[in-house]
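Asks:
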Amino acid sequence: MTRTPVGRARRGPGILTATIAYAAVLALAIACGPTTPPRSAAASPSAAASQVAAGPDGSPAGSADPATPRPTAWPGNAVLGIDALGVADGQILAAINDFNKAIATEDLVLMRKAADGLAGVDVLLPNMAKIDIFEPMRSFADRYGAAIRAISSAAKDLRTAIDAHDGAGITSSSQALVSSLSLYAAVQPELAAWVEQSTEQRRLLLK
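Position 175 of the sequence shown, counting from 1, maps to 1131 under the numbering used here, and the rest follow consecutively.
What follows is the structure, given as structure tokens:
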């Protein structure tokens, strides 16, 4: 997709109102939040996983006690879906960091870049059909999907407002984007816990 120029000026104090300063605080908090562990991470439960329902039914907070039954194998598509969300998490956080930096520096070019990246997160939605067939993941899939839809919608609105040099639109869509990113921050620890277990789940599928 060809990107529309947002103007030669790097800063836009007349467009970025004081209202967006509020967004910077929340965006920074989200960007500094927990990230999904690398694929080589140990299989022991993380602090994030301990906040999620535990048990032998495949939920991500299973006990490390050897006496505890091992999680049942997920459906194969659920493993693929969680893996895709784990990869996307780092890309989403990179866009959030760009968004936060753009607010702090009043950089409309960088803000549009961040909005452009976040507008495309709706490509992740087909993964919801892969994971919500597994009952322990159903609630997570619903909340994750809602966050992704909200992020994509707000980011598209922000991109449009920047291209139109619409100050009021930039303010309102930035606030909407921050609110949607808060939804993502709320499910991110649970995502990290599922990703942490995906390595073991791949082993179970191969047995």
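Glycine included, C-beta positions come from ideal geometry on N, C-alpha and C.
1) Please classify residue 912: is it buried, with 16 or more other beta-carbons within 10 angstroms of its beta-carbon, or exposed?
2) Quick test of your reading: residue 1080 and residue 1106, contact by CB under 8 Å. State the CB separation rounded to the nearest angstrom.
3) Can you check whether the CB of residue 1035 is closer than 8 Å to the CB of residue 1158?
4) Within its chain, find whatever has a CB closer than 6 Å to the CB of residue 1094; leave out the 5 residues flanking it on each side and keep chain order.
5) Quick check: what's the CA-CA separation for residue 1037 versus residue 1083?
6) Whole angstroms are fine: how far does the CA of residue 1097 sit from the CA of residue 1153?
7) For residue 1077, count the other beta carbons within 10 Å of its own beta carbon; 16 or more makes it buried, fewer makes it exposed. Which is it?
8) For residue 1043, count the other beta carbons within 10 Å of its own beta carbon; 16 or more makes it buried, fewer makes it exposed. Which is it?
9) Is it buried or exposed, residue 1058, if we count other Cβ atoms within 10 angstroms and call 16 or more buried?
10) So which of 1041, 1126, 1103 and 1054 has the shortest CA-CA distance to residue 1141?
11) Going by beta carbon distance, what residues of the same chain come within less than 6 Å of residue 1100, once the five residues before and after it are set aside?
12) Using only the alpha-carbon positions, how far apart do residue 1064 and residue 1118 sit?
13) Ordered along the chain, which non-local residues of its own chain (more than five positions away) have a Cβ less than 7 Å from that of residue 1111?
14) DSSP on residue 1070, reduced to helix/strand/coil?
15) In chain order, what residues of the same chain have a beta carbon less than 6 Å from the beta carbon of residue 1113, not counting five sequence neighbours either side?
Replies: Working from what's here:
1) Residue 912 cannot be examined here, being either before or after the span of the chain that is shown, 957 to 1163.
2) Mapped onto the sequence shown, residue 1080 falls at position 124. Mapped onto the sequence shown, residue 1106 falls at position 150. The distance from the Cβ of residue 1080 to that of residue 1106 is about 13 Å, inconsistent with a contact at the 8 Å cut-off.
3) Within the sequence shown, residue 1158 is the residue found at index 202, counting from 1. Within the sequence shown, residue 1035 is the residue found at index 79, counting from 1. Cβ atoms of residue 1158 and residue 1035: closer than 8 Å.
4) The count along the sequence shown starts at 1 and reaches residue 1094 at position 138. Non-local C-beta neighbours of residue 1094 in its own chain, meaning closer than 6 Å and more than five positions away in sequence, comprise 1088, ordered along the chain.
5) By one-based count along the sequence shown, residue 1037 stands at place 81. By one-based count along the sequence shown, residue 1083 stands at place 127. Each residue's alpha carbon lies about 5 Å from the other.
6) Numbered from its first residue, the sequence shown carries residue 1153 at position 197. Numbered from its first residue, the sequence shown carries residue 1097 at position 141. Cα to Cα, residue 1153 sits roughly 16 Å from residue 1097.
7) In the sequence shown, residue 1077 corresponds to position 121, counting from 1. Residue 1077 is buried by the Cβ-count criterion.
8) Your numbering for residue 1043 matches position 87 in the sequence shown. The residue is exposed, with fewer than 16 neighbouring Cβ atoms inside 10 Å.
9) In the sequence shown, residue 1058 corresponds to position 102, counting from 1. Per the 10 Å Cβ criterion, buried.
10) On the sequence shown, residue 1141 is found 185 positions in, with the first residue counted as 1. Looking at the Cα atoms, 1103 is the closest of the given residues.
11) For the purposes of this step, residue 1100 is identified with residue 144 of the sequence shown, where counting begins at 1. Excluding positions up to five away in sequence, the list reads 1143.
12) Here the question's residue 1064 lines up with position 108 in the sequence shown. Here the question's residue 1118 lines up with position 162 in the sequence shown. Residue 1064 and residue 1118: Cα-Cα distance of roughly 7 Å.
13) Taking the sequence shown and counting its residues from 1, one reaches residue 1111 at position 155. 1071, 1074, 1075 and 1133.
14) In the sequence shown, residue 1070 corresponds to position 114, counting from 1. In the structure shown, residue 1070 sits in a helix (DSSP, three-state: H, G or I).
15) Sequence index remark: in the sequence shown, residue 1113 carries index 157 (1-based). Excluding residues within five positions, the ones whose Cβ falls inside 6 Å are 1129.
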